[in-house]
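Colleague: Before I ask anything, let me first share the structure, which is written out below as structure tokens.
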């Protein structure tokens, strides 16, 4: 059984995709970039502000799916500059507690709206008995 996850607390999709798709207890989260949901504009500031906004967006989608960011089991981080990796680790450590999700960090040449970071992932919701 597949259901579409949508919330106005995270940026709406800017293409033909859903914010997340839930299949049974697994939720596949689309990539989040540092857009402010209310304005659909990139947050002002530098890389740290962008990364913080991305994690806020992920939290909103996880909650809309009935979970918590700590229910994420896999995170893919796309960066336009891997020298920002230390900053990502610092910010990520404020959102996740152990055990941490599996993760990949990949440098890419360009991201939508010329942002510096995008994160997607997979969340496994706790079973409800």
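In the working numbering, the protein residues as written are 838 to 966. Note that CB positions come from ideal geometry on N, CA and C, so glycine has one too.
My output table needs one value for residue 932: the three-state DSSP class, helix, strand or coil.
Modeller: The residue labelled residue 932 in the question sits at position 95 within the chain shown. Helix.
Colleague: Could you check the C-alpha separation between residue 838 and residue 907 for me, to the nearest Å?
Modeller: Here the question's residue 838 lines up with position 1 in the chain shown. Here the question's residue 907 lines up with position 70 in the chain shown. Computed Cα separation, rounded: 23 Å.
Colleague: Pick out whichever of 938, 892 and 960 has its Cα sitting closest to the Cα of residue 872.
Modeller: In the chain shown, counting from the first residue as 1, residue 872 sits at position 35. Looking at the Cα atoms, 892 is the closest of the given residues.
Colleague: Give a yes or no on contact between the stretch 940-954 and the stretch 908-923, applying the rule of three or more CB pairs nearer than 8 Å.
Modeller: yes
Colleague: Considering only DSSP beta bridges, list what residue 960 is partnered with.
Modeller: Walking along the chain shown from the start, residue 960 turns up at place 123. BP columns for residue 960 point to 864 and 909.
Colleague: Expressed to the nearest angstrom, what Euclidean distance is found between the alpha-carbon atoms of residue 913 and residue 926?
Modeller: Here residue 913 is taken as the residue at index 76 of the chain shown, counted from 1. Here residue 926 is taken as the residue at index 89 of the chain shown, counted from 1. Near 13 Å, if we compare the C-alpha coordinates of residue 926 and residue 913.
Colleague: Determine whether the beta carbon atoms of residue 848 and residue 869 lie at a separation below 9 Å.
Modeller: One-based indexing of the chain shown puts residue 848 at position 11. One-based indexing of the chain shown puts residue 869 at position 32. The answer is yes: Cβ separation under 9 Å.
Colleague: When the Cα atoms are used, what is the spatial distance from residue 881 to residue 962?
Modeller: Translated into the one-based positions of the chain shown, residue 881 becomes position 44. Translated into the one-based positions of the chain shown, residue 962 becomes position 125. Their backbone Cα atoms lie some 33 Å apart in a straight line.
Colleague: Tell me which residues share the same chain as residue 952 and place their Cβ nearer than 7 Å to its Cβ, disregarding the 5 neighbours each side in the sequence.
Modeller: Within the chain shown, the letter at position 115 stands for residue 952. Correct list, in chain order: 870, 871, 879 and 887.
Colleague: Taking the alpha carbon of residue 897 as the point to measure from, which residue in 924, 856, 931 and 861 has its own alpha carbon closest?
Modeller: Here residue 897 refers to the residue found at position 60 of the chain shown. Checked all of 924, 856, 931 and 861; the closest Cα to residue 897 is 856.
Colleague: Would residue 866 and residue 959 be called neighbours here (beta carbons separated by less than 9 Å)?
Modeller: Numbered from 1 along the chain shown, position 29 holds the residue referred to as residue 866. Numbered from 1 along the chain shown, position 122 holds the residue referred to as residue 959. Yes, they are a contact pair.
Colleague: Of the choices 929, 890 and 904, whose alpha-carbon is the least far from that of residue 964?
Modeller: Within the chain shown, numbered from 1, the residue matching residue 964 stands at position 127. Closest option to residue 964, Cα to Cα, is 904.
Colleague: Nearest to residue 911 by CA position, among 863, 877 and 844, is which residue?
Modeller: Reading the chain shown from its first residue, position 74 is the one you call residue 911. Checked all of 863, 877 and 844; the closest Cα to residue 911 is 863.
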